[in-house]
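A quick write-up on the structure given underneath.
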Amino acid sequence: MTQRSVSLPSGVRTSVIDAGRGPAVLLLHGNPDNADEWQGVIEALAAEHRCVAPDLPGYGARDRICALPGSFDYSVGAQVRFVDELLAALELDAVTLVVHDIGGIMGVPWAAANLGRLRGVVYTNTVAFPDFPWFRLARQWGSARPLDRLRSRLMMAAVGLGGGAAFRRAFGRQNPQLSPAALARFARDFAVNRVAKATTLRQFRVITQPRFFAGYDEMLRAIAAATPTCAVWGEGDPYVPDARAVELLAATTVRLPGVGHWVPLLAADAVAAQVRLVSASARPQPRA
């Protein structure tokens, strides 16, 4: 599985998993994770698709953080520009978009602005709605009030204590299906990774602003009207369990009873199967 470093005109430098040949699939990961969460999905698809999974801005494994210019602000425009520049650098045009968790925050606006480039969209336990339980947590962690910012920094420092041992225990209780190896990777790449933790706080401060999600419902409807869509949803998710949102996200829903939030890790074959179906049923559209 090839991993390459890509420098973008905006000053972002990221690492990208780029594997396989065929119709392109762009996979945008969640928090607190990186492109590695897609490895099982990519292994299932690479024989027939070109799979591209970048580390999103400010995230990445401990030894390959996606570097940012100081001006990067996590606005909708900045995140859409990241995807545009990445696809241009990789010489990709039409893609099947697959998003998980915060990958949806970046992917939905990009998709809505680029309907003619979509072969389809697969959503999996993504967070494009501010009424999800995760949003209350994000608002607490991303508060701009000085005392809250101090508390958030102290909490982020605490999750790294003991090499992330406390984080592994707490995260494991919330996500009991994750393997010891997966929990160890989360601890290594996030709990003791100062850059990724700082990125989380910076991003939460932006996405919890009242107007950040303005227009998301309309974007999702436009995407569903223009291209094949599917939601692959773990129903045992403590963070994003809202059934209403799933119905709005996609024309087709595959529900996974008992599967938790980390669907790309826990049900990679189910995700890959829907990507194949969506990609195969793509409705090519003229470019504007």
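Just remember that my numbering sits 72 ahead of the position in the sequence shown, which is counted from 1. Glycine included, each C-beta is placed from N, C-alpha and C at the ideal position. As the structure is a prediction and not an experimental result, all values here were calculated from the model.
Nearest in C-alpha terms to Val113, of all of Pro336, Arg348, Ala352, Thr325, is Pro336. Taking 9 Å as the cut-off, the beta carbon of Asp127 is found closer than this to the beta carbon of Ser87. When only Cα atoms are considered, Gln75 and Asp108 end up about 10 Å apart. For Pro81, no alpha helix (DSSP H) segment is defined, and its DSSP state is neither H nor E. Shown here, Trp305 sits in a strand according to DSSP, grouped into three states.
The Cβ atoms of Gly287 and Ala339 do not sit closer than 9 Å to each other. Taking 9 Å as the cut-off, the beta carbon of Val343 is found no closer than this to the beta carbon of Thr198. Taken through DSSP and simplified to helix, strand or coil, Tyr146 comes out as coil.
Membership of Gly192 in the beta strand (DSSP E) is indicated by the continuous run 190-198. In this structure the stretch 129-140 lies against the stretch 255-275, because at least three pairs of beta carbons, one per stretch, are closer than 8 Å. The shortest C-alpha to C-alpha distance from Asp156 to any of Trp182, Thr168, Cys138 is the one to Trp182. C-alpha of Gln249 to C-alpha of Gly236: approximately 19 Å in a straight line.
Of the residues Val194, Met228, Ser147, Arg225, the one whose Cα lies closest to the Cα of Arg327 is Val194.
Look at the stretch 211-293 and you find these whole runs of alpha helix (DSSP H), each 4 residues long or longer: 218-231, 237-246, 252-258, 266-279.
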